[in-house]
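J.: Okay, handing you the structure first.
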Amino acid sequence: MTFSLKMAMKGIQDAASLSEHALRCAIAVLDHQEAKADDIEDCLLKFNRLLSNPVPSSKVIDMIASSNFPSSIVRVMRRHKENLPILALACQCVAGSASTTDAATSFARAGVLDEVLNVMDSHKTHGGVQNVALFLLRTILKDGTAARQAVQNGAIARVLAALNLSMGREIQYGGLVSLRQMMDASRQNRYFWQESLKTQRAQIQEAGLQAKAHHQSDAALCEAADDTLAFVIPRFKEVPCWHWQSGWCKMGPKCTYAHGQEDLRGGHGKAYGKGGYRRNAAE
Numbered sequence: 095m096t097f098s099l100k101m102a103m104k105g106i107q108d109a110a111s112l113s114e115h116a117l118r119c120a121i122a123v124l125d126h127q128e129a130k131a132d133d134i135e136d137c138l139l140k141f142n143r144l145l146s147n148p149v150p151s152s153k154v155i156d157m158i159a160s161s162n163f164p165s166s167i168v169r170v171m172r173r174h175k176e177n178l179p180i181l182a183l184a185c186q187c188v189a190g191s192a193s194t195t196d197a198a199t200s201f202a203r204a205g206v207l208d209e210v211l212n213v214m215d216s217h218k219t220h221g222g223v224q225n226v227a228l229f230l231l232r233t234i235l236k237d238g239t240a241a242r243q244a245v246q247n248g249a250i251a252r253v254l255a256a257l258n259l260s261m262g263r264e265i266q267y268g269g270l271v272s273l274r275q276m277m278d279a280s281r282q283n284r285y286f287w288q289e290s291l292k293t294q295r296a297q298i299q300e301a302g303l304q305a306k307a308h309h310q311s312d313a314a315l316c317e318a319a320d321d322t323l324a325f326v327i328p329r330f331k332e333v334p335c336w337h338w339q340s341g342w343c344k345m346g347p348k349c350t351y352a353h354g355q356e357d358l359r360g361g362h363g364k365a366y367g368k369g370g371y372r373r374n375a376a377e
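Mapping of the sequence shown onto the working numbering: residues 95 to 377, in sequence order.
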């Protein structure tokens, strides 16, 4: 069935849930030649609402991934790359729709990876855009093939640039998770570890340690930093810190040795205490 723009807009706006009909209407709006920026924005806004309330089932996610929606959203991102509200909504739609590995693979095959990297290039100094792009990137990188392709396409340099742009929590967390996903997917790539990563290893190390220093009380972010640092620092947090055991370590949260039993790799929690510089007397 072919929808007019008016019919498609009414179909998506009247939808109470993300049904097959609502999905077809959304795709029709996104692909319609007469659709204006306001139409696209309204469609994506409603689509995001349907995605979040209630959280879609795996059946709905599979329906979206197997439809033309991934290709349609890529074309929207390409056509409206300078329209920040549409870009942000499009990224949110993809992140919400690619909640499974199979769905992430479908969006990656449609070309979302290239578009999100283009977005990062086009808005290098815009923290909000980088934040949304990293949120989408770490969703797509659940697909191992996409993660390896991201490495080849220079995504690590883009992520490092975003991490240097802002110490904000979401950018730091999204960037560290993305770095970990790309390095994890490249475990078996000897050339990557011996050659490609040579110039970026020190930058990744500094980014991870800086994130820990700025967000010492954020357990999830510190864990993401530790998981990333373990790839670039030999025996990271596998050996107790002699200075900390003696009472004080000047490196604090930037120390690559373990500050207490719980700080050892594989532990459950971080024993930083007072910024990670001083050992508690009771320990």
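From the three backbone atoms N, C-alpha and C, an ideal C-beta is built for every residue, glycine too. Source: prediction; values computed, not measured.
Suppose contacts are defined by Cβ-Cβ distances below 8 Å. Is isoleucine 134 in contact with cysteine 119 by that definition?
T.: Cβ atoms of isoleucine 134 and cysteine 119: not closer than 8 Å.
J.: Should glutamate 128 and arginine 172 be called a contact, given that it needs their Cβ atoms to be closer than 8 Å?
T.: Against a cut-off of 8 Å, the Cβ pair of arginine 172 and glutamate 128 comes out as no contact.
J.: Can you tell me which residues form a DSSP beta bridge with proline 334?
T.: Partner(s): Ala352.
J.: Pull up the distance between the alpha-carbon of leucine 144 and that of glutamine 186, whole angstroms please.
T.: Going by the C-alpha atoms only, they are around 12 Å apart.
J.: Alpha carbon to alpha carbon, what distance is there between aspartate 215 and leucine 138?
T.: Each residue's alpha carbon lies about 23 Å from the other.
J.: Does the distance from the C-beta atom of alanine 352 to that of proline 334 stay below 8 Å?
T.: For alanine 352 and proline 334, yes; Cβs fall inside 8 Å.
J.: Check the Cβ-Cβ distances between histidine 217 and every residue of chain B, and say whether any is below 8 Å.
T.: Of the protein chains in the structure, only one exists, and it is not chain B.
J.: Going by other Cβ atoms of all chains shown within 10 Å of its Cβ, with 16 needed for buried, is lysine 331 buried or exposed?
T.: Buried, since its Cβ has 16 or more Cβ neighbours within 10 Å.
J.: Taking 6 Å as the limit between beta carbons, can you name the residues of its chain near alanine 122, skipping five residues before and five after?
T.: Within the same chain, alanine 122 has close Cβ partners Phe97, Ala102.
J.: Taking the alpha helix (DSSP H) that valine 223 falls in, what are its first and last residues?
T.: 221–234 is the span of the alpha helix (DSSP H), which, as asked, contains valine 223.
J.: Output needed for serine 113: all residues of its chain with C-beta closer than 8 Å, excluding positions within five of it in sequence on either side, in chain order.
T.: Closer than 8 Å at the Cβ level, and outside the excluded window around serine 113, lies no residue.
J.: Rank Arg284, Thr199, Leu228 by C-alpha distance to the C-alpha of asparagine 212 and give the top, closest one.
T.: Asparagine 212 has its Cα closest to that of Leu228, out of Arg284, Thr199, Leu228.
J.: Considering only C-alpha positions, which residue in the set Arg295, Ala313, Gln297 is nearest to arginine 263?
T.: Closest by alpha carbon: Ala313.
J.: Over the uninterrupted alpha helix (DSSP H) stretch that includes glutamine 266, give me the two end residues.
T.: Note, glutamine 266: alpha helix (DSSP H), 263–279.
J.: For the alpha helix (DSSP H) containing threonine 195, name the first residue and the last one.
T.: It spans 195–204 - the alpha helix (DSSP H) in which threonine 195 sits, taken as one unbroken run.
J.: With C-beta atoms as the reference, is leucine 124 less than 8 Å away from valine 154?
T.: No; because the gap between Cβ atoms is not below 8 Å, this pair is not in contact.
J.: Which of helix, strand or coil does DSSP assign to alanine 192?
T.: Note: alanine 192 maps to coil in three-state DSSP.
J.: Is alanine 240 closer than 8 Å to leucine 291 when the C-beta atoms are compared?
T.: The answer is no: Cβ separation not under 8 Å.
J.: May I ask which residues mark the beginning and end of the alpha helix (DSSP H) holding alanine 159?
T.: 152–159 is the extent of the alpha helix (DSSP H) around alanine 159.
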